[in-house]
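To keep things clear, I will list the structure first and then write my remarks on it.
Number of protein chains: 2
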Amino acid sequence: MTSLLDSTKDRILAAAEELFARTGVARTSLRAITALARVNLAAVNYHFGSKDGLVEEVYRRRLEPLNRARLTNLDRLEKRRRKPTLEEVLEAFMMPVASLARDPAQGGPTVMRLLGQSHAEAEAPFKTWFAGQYRRVLERYHAALCRVLPEIPPEDVRWRLQFLVGALTYPVAERQLVELVSGEAIDPADVHLIVERLLPFVVAGFRAPAGKPGTRPTARRRGTRRRLNTSRKREE
Amino acid sequence: MTSLLDSTKDRILAAAEELFARTGVARTSLRAITALARVNLAAVNYHFGSKDGLVEEVYRRRLEPLNRARLTNLDRLEKRRRKPTLEEVLEAFMMPVASLARDPAQGGPTVMRLLGQSHAEAEAPFKTWFAGQYRRVLERYHAALCRVLPEIPPEDVRWRLQFLVGALTYPVAERQLVELVSGEAIDPADVHLIVERLLPFVVAGFRAPAGKPGTRPTARRRGTRRRLNTSRKREE
DNA sequence: CCTACCATTAAACGGTTGTTTCAATCGGGC
DNA sequence: GCCCGATTGAAACAACCGTTTAATGGTAGG
Chain A
1 MTSLLDSTKD RILAAAEELF ARTGVARTSL RAITALARVN LAAVNYHFGS
51 KDGLVEEVYR RRLEPLNRAR LTNLDRLEKR RRKPTLEEVL EAFMMPVASL
101 ARDPAQGGPT VMRLLGQSHA EAEAPFKTWF AGQYRRVLER YHAALCRVLP
151 EIPPEDVRWR LQFLVGALTY PVAERQLVEL VSGEAIDPAD VHLIVERLLP
201 FVVAGFRAPA GKPGTRPTAR RRGTRRRLNT SRKREE
Chain B
237 MTSLLDSTKD RILAAAEELF ARTGVARTSL RAITALARVN LAAVNYHFGS
287 KDGLVEEVYR RRLEPLNRAR LTNLDRLEKR RRKPTLEEVL EAFMMPVASL
337 ARDPAQGGPT VMRLLGQSHA EAEAPFKTWF AGQYRRVLER YHAALCRVLP
387 EIPPEDVRWR LQFLVGALTY PVAERQLVEL VSGEAIDPAD VHLIVERLLP
437 FVVAGFRAPA GKPGTRPTAR RRGTRRRLNT SRKREE
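These protein sequence lines map, in sequence, to chains A and B.
Throughout the first sequence, residue numbering follows the working numbering, covering 1 to 236 in sequence.
Throughout the second sequence, residue numbering follows the working numbering, covering 237 to 472 in sequence.
What follows is the structure, given as structure tokens:
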């Protein structure tokens, strides 16, 4: 058995998480990880089998509690007698992200950049495993949202769920870029502020009447519609 | 001068774009690119100086027309006498993405995955260059949106613009994951359908009244609010 | 014809990658 | 005390990386 605190395994996980979040898996070498963790190089292969094994463990350690919290939150809402509101369902989905980011023991702000990176980690087996982690959660929330929004076609609800994931992941993960563009720095402890700002946005978005999926790509309801620039070379 | 069609330079750019979009820059070797382009390995360094030079050229080739189209679309809206609507402004921002994805000569569906990858490319100089490309566009749209939405605080408009970028980038780039989760395959030619579905969602989102940025993280307007699970270990 | 000059080629460079090997060390149970 | 499995350590492995060099082919201009 490994000791409970600061074992080699834990130090490797912590260092790998930090570096994966900062520069991505592909750009992080095992030597950089073991140097930061002050651990022998071979320890990674000994404890995790391979670099891929380490990657999966790093992500699993954070994704599993996150998605479990989302599921238990939804369980709790549905076990009540009162029908949950749209806002409650969406908050149940989004809040665990803020909780992770706020708790240093659960990864702190670093874990958000890690999740942001994950979408770009193109290893095929990783992607399927990653999608498997999400499928159950998204399916259950899809059902719950359809129940709360009976007037929105289920197909549209599914898409809007994807929009939510994108809107939630991107600004939280790409803080660097957000800061550069907005000029305003974000306190790492205030990730939950992002969630609070995002919540009314997506609540309204989900409630919006679903536009007909264009019978014709160009034609629309409005009578006259000027054709928009489709990024041609130059045209002055 | 290089020949106009299928020059070595063009073949390298096309192959690099394809592979960058599929597996990311870091995981794509110059040898894989030159093999796919059926070109000598040294040709990359000859024509682009270095791998970084190639990367920047691949992205610049797509980002510049995209953001130029967004700016000219906004110019056109603001040059009219009638005040533009929120929907028009947002469509002016989003449509060029669909146009790129629909036109094979402009990169086709591949370019979307490329843009999705870009957020994860953590090279510092690349990030600053990338943010510079976006800053002007986001600043101008931020001003235009503030004009259309005078009741929303500018700070919230800025955040919602970030949410829009996230919601636009993620599902379009992560088609692989989206398909796995939803089970429904997306016709590459139908990226514009994503935009059409996203438009009513974000229009409603932008119009939503801005929630007060929580005076207290836990307290909220509603009288009684059950504390949500913050992803603890396990608790049955 | 010869000479620049641009483009392409094959080959090699030094460095880094993930992984493996094998010896050294540690910590309890018979 | 001794042994055995678990862990750590230093070193080397082959493979791959981006880049450079030197030689080549092709072609337009004097």
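Virtual Cβ for every residue (Gly too), placed ideally from N, Cα, C.
Just so you know, the alpha carbons of arginine 258(B) and arginine 316(B) end up roughly 41 angstroms apart. Interface residue (Cβ-Cβ distance to chain B less than 8 angstroms): phenylalanine 163(A) is classified as such. Taking the Cβ atoms as the reference, arginine 306(B) lies roughly 15 angstroms from valine 347(B), outside the contact range of under 8 angstroms.
Leucine 302(B) and phenylalanine 329(B) have their alpha carbons spaced roughly 9 angstroms apart. Judged by their CB atoms, tyrosine 170(A) and valine 401(B) are nearer to each other than the 8 angstroms cut-off. Just measuring C-alpha positions, the residue of Ala167(A), Leu193(A) and Leu41(A) sitting nearest valine 202(A) is Ala167(A). Alanine 356(B) is a Cβ neighbour of alanine 120(A), given a cutoff of 8 angstroms. Distance from the CA atom of leucine 310(B) to the CA atom of glutamate 254(B), rounded to whole angstroms, is 30 angstroms. Look at the region 61-117 of chain A and you find no whole run of beta strand (DSSP E) that is 3 residues long or longer. With contacts defined as CB atoms closer than 8 angstroms, tyrosine 377(B) and leucine 351(B) fail to qualify as a contacting pair.
Rounded to whole angstroms, the gap between the alpha carbons of phenylalanine 256(B) and alanine 98(A) is 31 angstroms.
Scanning chain B for C-beta atoms nearer than 8 angstroms to the C-beta of proline 209(A) yields Pro436, reported in chain order. Closest in alpha carbon position to glycine 24(A), among Pro84(A), Ala122(A) and Gly108(A), is Ala122(A). For histidine 378(B), the uninterrupted alpha helix (DSSP H) run begins and ends at 360-384, by DSSP. In this structure leucine 374(B) is not in contact with valine 393(B), their Cβ atoms being roughly 11 angstroms apart against a cut-off of 8 angstroms. Boundaries cannot be given for threonine 28(A), as no alpha helix (DSSP H) includes it and DSSP labels it neither H nor E.
The Cβ atoms of threonine 34(A) and alanine 26(A) do not sit closer than 8 angstroms to each other. Secondary structure of proline 209(A) (DSSP, three-state): coil. When DSSP states are grouped into helix, strand and coil, histidine 428(B) belongs to the helix group.
Listed along the chain, the chain A residues whose CB falls inside 9 angstroms of the CB of threonine 405(B) are Gly166 and Tyr170. By the Cβ-count criterion, proline 445(B) is exposed, with fewer than 16 other Cβ atoms from all chains shown falling within 10 Å of its own Cβ. Not a single C-beta of chain A is nearer than 8 angstroms to the C-beta of aspartate 246(B). In this structure, the CA atom of threonine 244(B) is about 15 angstroms from the CA atom of arginine 267(B). Glutamate 324(B) is classed as buried because its beta carbon has at least 16 other beta carbons within 10 Å across all chains shown.
With distances taken between CA atoms, arginine 68(A) lies nearest to Pro96(A) out of Ala16(A), Pro109(A), Arg82(A) and Pro96(A). Counting the other CB atoms within 10 Å of its CB gives leucine 277(B) a total below 16, which places it among the exposed residues.
Boundaries of the alpha helix (DSSP H) harbouring alanine 43(A): 42-48, taken from the DSSP string. Residue-level contact check: alanine 105(A) does not touch chain B, since none of the beta carbons of chain B fall below 8 angstroms from its beta carbon. Setting aside the 5 residues that flank it on each side, alanine 273(B) is surrounded in the same chain by Arg247, Ile248 and Ala251, each with a C-beta closer than 6 angstroms to its C-beta; the list follows chain order.
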